[in-house]
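Quick notes on the structure that follows.
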Ligand code: SF4
Ligand code: SF4
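In my numbering, the protein residues as written are 1 to 405.
Now the structure itself:
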């Protein structure tokens, strides 16, 4: 991994053209020059020259970023913004004493504790139908402020406990499944759906009790903790697999980066072989049981290819919604630290789907599901206006479609 100083030439490559302003969701929501890559490069230039200190105040500006990569894709100098910001935050961790809030946000122990409590608590929550009750009163609850908005988001994450019937039969291929912390601890509906769909093409999924992929540690520049997570996950990996899949675009993006942060050959094998689950479903046929107007939200870290599969779903009309491929504004810790900005970005997204009058929005990242839910929680809908269903692509394919090969 490179240090901030190693990116000196990349930072100097910035011509200050300002084109990144036109695509940066955080800049558009705040109009703060320090939110966009050009502004952050000015600050980091100052740090490299010794004119500025990389302290808590400066880190706040580095945190004004969802890691969407839109500026990298648009920048004429092709500067890899995200890697530079990660290196800068890693430098911060080396030279600063952490505040209490930072220690709490960075504690893997606390994070795991919350997940373990959720795993035991959520089945009871669903059993007593609290999820249905909150969904029923969602419109009234969302008027009650920020805490209520988070209740709606967590409620949507908890799901309904959907368990599809999985066809039994002879399995030909074994594919390793990176189940991630969301599937394992919060809601395994997506995992069950992927299992059901892939059973159709005689694939059996093998899970290995993996840890979280480490996305929030990588994005936050807490590289020591990130490397510990890589080690734990690699220790669960044997060499005997052809391919490994995940249903989460954020996990996919982070697992691809494991080889940049570990010298273990298993890291290269994992990073080079990881696929999105939809990649194994491209040859299947799907027909929806009812006719819906469907649209997608493309996560920043998934490819456009999964949309071809969505367009192929029979008896549905595919609607391309404005900015369907722009960041949903959630980005994990970003939504916790910058609640107002995150809400503003998500709200604009939600408005676009309302304007296009779609029935269902499909996506491939659990964090984006929350980002979209957040957008609708922020949006003031008229009494008779229903919000679209927000669903994981896999759950839609497994619960609403007939599948054939
Ligand atoms: S688009 Fe690239 S070169 Fe232009 S200001 Fe932004 S970071 Fe600099
Ligand atoms: S990665 Fe996205 S949010 Fe971050 S500076 Fe670039 S465009 Fe803005």
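In this text, a Cβ means the ideal position worked out from N, Cα and C, and glycines have one as well.
### Query
Taking 7 Å as the cut-off, does the CB of residue 265 come closer than this to any heavy atom belonging to ligand 1?
Counting from one through the chain shown, the residue named residue 265 turns up at place 265. The answer is no for residue 265.
#### Entry: Residue range of the unbroken beta strand (DSSP E) whose run includes residue 114
The count along the chain shown starts at 1 and reaches residue 114 at position 114. It is not in any beta strand (DSSP E) - residue 114 instead sits in the alpha helix (DSSP H) that spans 108 to 127.
### Query
To the nearest angstrom, how far is it from the Cα of residue 270 to the Cα of residue 76?
Here residue 270 corresponds to residue number 270 of the chain shown, with the count starting at 1. Here residue 76 corresponds to residue number 76 of the chain shown, with the count starting at 1. So the alpha carbons of these two residues sit roughly 31 Å apart.
### Message
If you follow the alpha helix (DSSP H) that residue 296 is in, where does it begin and where does it stop?
### Response
As a first step, residue 296 is located in the chain shown; it is residue number 296 there, counting from the start. Careful: residue 296 lies outside any alpha helix (DSSP H), inside the beta strand (DSSP E) at 293 to 296.
### Query
Which one of 356, 241, 98, 348 has the shortest CA to CA distance from residue 371?
Residue mapping note: residue 371 aligns to position 371 of the chain shown, counting from 1. Checked all of 356, 241, 98, 348; the closest Cα to residue 371 is 348.
### Query
Where does the unbroken beta strand (DSSP E) through residue 176 begin, and where does it stop?
If you number the chain shown from 1, residue 176 lands on position 176. Unbroken beta strand (DSSP E) run through residue 176: 173 to 177.
### Message
Measuring only from the beta carbon, is residue 295 closer than 7 Å to any heavy atom that is part of ligand 1?
### Response
As a working note, residue 295 is residue 295 in the chain shown. Incorrect: residue 295 has no Cβ contact closer than 7 Å to ligand 1.
### Query
To which residues does DSSP link residue 244 through a beta bridge?
One-based indexing of the chain shown puts residue 244 at position 244. Paired residues: 176, 274.
### Message
Mapping the DSSP letters down to three states, classify residue 391 as helix, strand or coil.
### Response
To locate residue 391, count along the chain shown from 1; it is residue 391. Here residue 391 sits in strand by DSSP.
### Inter-residue spacing [alpha-carbon to alpha-carbon] between residue 180 and residue 210
Residue 180 sits at position 180 when you count from the first residue of the chain shown. Residue 210 sits at position 210 when you count from the first residue of the chain shown. Going by the C-alpha atoms only, they are around 6 Å apart.
### Message
In whole angstroms, give me the CA-to-CA distance for residue 320 and residue 295.
### Response
For the purposes of this step, residue 320 is taken as the residue at position 320 of the chain shown. For the purposes of this step, residue 295 is taken as the residue at position 295 of the chain shown. Cα-Cα distance, rounded: 6 Å.
### Query
Can you tell me the Cα-Cα spacing of residue 437 and residue 177, whole angstroms?
Since the first residue of the chain shown is 1 and the last is 405, residue 437 is not available in this structure.
### Task
Would you mind stating whether residue 275 and residue 251 have Cβ atoms separated by less than 8 Å?
As a position in the chain shown, residue 275 is number 275, starting the count at 1. As a position in the chain shown, residue 251 is number 251, starting the count at 1. No, these two residues do not count as a Cβ contact at 8 Å.
### Message
On a Cα-Cα basis, can you pick out the residue from 99, 41, 115 that is closest to residue 79?
### Response
Within the chain shown, numbered from 1, the residue matching residue 79 stands at position 79. The shortest C-alpha separation from residue 79 is found at 41.
### Message
Closest to residue 213 by C-alpha separation, out of 229, 107, 204, 33, would be which residue?
### Response
Your numbering for residue 213 matches position 213 in the chain shown. Among 229, 107, 204, 33, the Cα nearest to that of residue 213 belongs to 229.
### Task
Compare the Cα-Cα distances from residue 57 to each of 66, 98, 23 and report the closest residue.
For the purposes of this step, residue 57 is identified with residue 57 of the chain shown, where counting begins at 1. Selected option, being the one with the closest Cα: 98.
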